Amino acid sequence: MGLVQWLKGQFLCHLVICYGFFVSGLLINLLQICTLPLWPINKQLARRINCKLGYSLTSQSVALLEWWSGTEITLYTDPENYRLYGKENAIVVLNHNFEIDFLCGWTFCDRFGVLGASKCLAKKELSYLPVIGWMWYFLEMVFIKRKWEEDKRNFVQSLQNLRDYPENFWFLLHCEGTRFTEEKHLVSMEVAEKKSLPKLKHHLLPRTKGFWVAVQNLRGTVAAVYCCTLNFRNNETPTLLGVLNGEKYHPDLYVRRIPLESIPEDEAECSAWLHKLYQEKDKFQEDYNQTGCFPGPKVTPPCRPWALINWLGWTCLLLYPLCLLLVQLVNSGSILSILATVAFCAAVSVCVRWMIGQTEVKSRDDLFTTSTKCNLQLKDFLPAPKHHSHD
Ligand SMILES: CC/C=C\C/C=C\C/C=C\C/C=C\C/C=C\C/C=C\CCC(=O)SCCNC(=O)CCNC(=O)[C@H](O)C(C)(C)COP(=O)(O)OP(=O)(O)OC[C@H]1O[C@@H](n2cnc3c(N)ncnc32)[C@H](O)[C@@H]1OP(=O)(O)O
Ligand SMILES: CCCCCCCC/C=C\CCCCCCCC(=O)OC[C@@H](O)COP(=O)(O)O
Numbered sequence: 061m062g063l064v065q066w067l068k069g070q071f072l073c074h075l076v077i078c079y080g081f082f083v084s085g086l087l088i089n090l091l092q093i094c095t096l097p098l099w100p101i102n103k104q105l106a107r108r109i110n111c112k113l114g115y116s117l118t119s120q121s122v123a124l125l126e127w128w129s130g131t132e133i134t135l136y137t138d139p140e141n142y143r144l145y146g147k148e149n150a151i152v153v154l155n156h157n158f159e160i161d162f163l164c165g166w167t168f169c170d171r172f173g174v175l176g177a178s179k180c181l182a183k184k185e186l187s188y189l190p191v192i193g194w195m196w197y198f199l200e201m202v203f204i205k206r207k208w209e210e211d212k213r214n215f216v217q218s219l220q221n222l223r224d225y226p227e228n229f230w231f232l233l234h235c236e237g238t239r240f241t242e243e244k245h246l247v248s249m250e251v252a253e254k255k256s257l258p259k260l261k262h263h264l265l266p267r268t269k270g271f272w273v274a275v276q277n278l279r280g281t282v283a284a285v286y287c288c289t290l291n292f293r294n295n296e297t298p299t300l301l302g303v304l305n306g307e308k309y310h311p312d313l314y315v316r317r318i319p320l321e322s323i324p325e326d327e328a329e330c331s332a333w334l335h336k337l338y339q340e341k342d343k344f345q346e347d348y349n350q351t352g353c354f355p356g357p358k359v360t361p362p363c364r365p366w367a368l369i370n371w372l373g374w375t376c377l378l379l380y381p382l383c384l385l386l387v388q389l390v391n392s393g394s395i396l397s398i399l400a401t402v403a404f405c406a407a408v409s410v411c412v413r414w415m416i417g418q419t420e421v422k423s424r425d426d427l428f429t430t431s432t433k434c435n436l437q438l439k440d441f442l443p444a445p446k447h448h449s450h451d
């Protein structure tokens, strides 16, 4: 292992990265709050400023993936469609299997210049995440509790608000509604069976309501649906902690552009259409597993320097006062101040570690809720208890 790779694994480096991300994030949140008086006066300007501020925070994690971990992304797509990416609004339908799928998504957004304005349909809990969740309020992210009766008014209103958004945006929808795990897959295929739908091998059954409502409310605003399938080469199982440790991954993304006009307006037909799309996605996934690649030509969208420049800028800006403070502390010899500084660094580290924990794949805890819907019990997924003989 080289020196640089060894350094990337050191806690001190992680602490500096987390400190930069967290403190710059809080400053960006503060600047976003300062834009509040501008919203009633010039809403479009306030939105544009928030896109830039959002970019300044989100792109730090993109820089981490591209420059720190050296991850190389590959796109499989039709060259005719390639030239439209980033130049139109789109709904992105993506599989949800990996801990860093959102990070790869952001990286593609950055390569096509839509990172600041990128949006997604996210579970409400994510809106409480310090820094990132708070930033998303100002970026008009759509949050849902995943209870349709409670969600529908706010969901439709949030989509309607995007109709005059001043920047090109991609709206990400994980139709599967949760991350893929074997246990959730079992539950989901039971639902498929009840609904007489073909079983999927690599995906959960898509939840169709959110997709239909998004398509209906964004007609005339969004030009196309990008049907995306993400995979990692050589069965890599990427994690955010791995990225922080400087591990390099190889994501492959297959994108098909589907004009929005070709998607049925009627709810039942639209649902059937989405189920068919997932059956096709399942087939592409199976082919990928067999052959190690997706159909169609490969391209690596060019990496832009802005994420790195922004990251280095924030790091220099925030490391300077930190170093001054440390020197003063050591000179002062005050044990209390030194302890307070160590406690502050530990708090930043714990906070970011907790945020990273929110991105990790959970497999069993949410079975209680999902499985109740299907009259299955948690014990149905757990290994049979071992009976120890005391003889
Ligand atoms: C060129 C490059 C292109 C692209 C680059 C790629 C990406 C970049 C793009 C953007 C990046 C931007 C941001 C990313 C950053 C971070 C965010 C990341 C992730 C956020 C992750 C999440 O939060 S996912 C969770 C939230 N999202 C969703 O849930 C969406 C899917 N769900 C829905 O749409 C639902 O319909 C709903 C939530 C709107 C409502 O759900 P509800 O359950 O209340 O109602 P439904 O009608 O949907 O469901 C009832 C029916 O469901 C049946 N059922 C029951 N159990 C199951 C089951 N286990 N599986 C399937 N179906 C089930 C039930 O029987 C009911 O059926 P009926 O027939 O009776 O209706
Ligand atoms: C310089 C960079 C510093 C690196 C630190 C980066 C820290 C980033 C921390 C948090 C980013 C938050 C992104 C949230 C996206 C998480 C996606 C997610 O949580 O999906 C789960 C969800 O679908 C299913 O949830 P359920 O299991 O159904 O409930």
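Counting in this note's numbering, the final residue of the sequence shown is number 451, and the numbers go up one at a time with none missing. In this text, a Cβ means the ideal position worked out from N, Cα and C, and glycines have one as well. This structure is a prediction, so every number in the text was calculated from the model and none was measured.
Review point. When burial is assigned at 16 or more other CB atoms within 10 Å of the CB, is E236 buried or exposed?
Key: buried
Check your understanding: Is P319 helix, strand or coil by DSSP?
Key -> strand
Review point. S423 to Y188, Cα distance in whole Å?
Key: Residue confidence for S423 is low, a pLDDT of 45 falling below 50, so the modelled location carries little weight; the figure read from the coordinates is stated next. The alpha-carbon atoms of S423 and Y188 are separated by roughly 22 Å.
**Study point:** Local Cβ density within 10 Å of D224, reported as buried at 16 or more and exposed below that
**Key:** exposed
**Study point:** S248 to W208 span [Cα, whole Å]
**Key:** 18 Å
Check your understanding: Residues in its own chain within less than 7 Å of P139 by CB, not counting five upstream and five downstream?
Key -> P357
**Study point:** Rounded straight-line distance, which links the Cα of D312 to that of H262
**Key:** 16 Å
Review point. For the candidate residues G80, R206, E132, T351, whose alpha-carbon lies nearest to that of F271?
Key: R206
Review point. Are the region 358-376 and the region 167-181 touching by the rule of at least three beta carbon pairs closer than 8 Å?
Key: yes
Review point. So the beta strand (DSSP E) K179 belongs to, where does it begin and stop?
Key: 179-183
Exercise for review: Measuring alpha carbon to alpha carbon, tell me which of T137, R293, A284, P97 ends up nearest I318.
Suggested key: A284
Review point. Should C376 be counted as a contact of ligand 2 given a C-beta to heavy atom distance under 8 Å?
Key: no
**Study point:** Check: T238 C-beta below 8 Å from any heavy atom of ligand 1
**Key:** yes
**Study point:** Buried/exposed call for S322, threshold 16 Cβ in 10 Å
**Key:** exposed
Check your understanding: Whose C-beta lies closer than 6 Å to the C-beta of K259 among residues of the same chain, with five residues either side of it excluded?
Key -> M249, A252
Review point. Roughly how many angstroms separate the alpha carbons of I395 and Q104, rounded to a whole number?
Key: 50 Å
Review point. What number of angstroms, rounded off, separates the C-alpha of W371 from the C-alpha of Q120?
Key: 5 Å
Review point. Using 8 Å as the Cβ pair cut-off and three pairs as the minimum, do the region 209-222 and the region 273-281 touch?
Key: yes
Review point. Nearest to C180 by alpha carbon, out of S256, G146, L117, V152?
Key: V152
Point to revise | Where F292 sits in the DSSP three-state scheme | key: strand
Review point. Do the region 344-355 and the region 287-297 touch if we need at least three Cβ pairs shorter than 8 Å?
Key: yes
Review point. Less than 8 Å between the CB of I204 and some heavy atom of ligand 1, yes or no?
Key: yes
Point to revise | Whole-angstrom distance between T281 and F158, CA atom to CA atom | key: 30 Å
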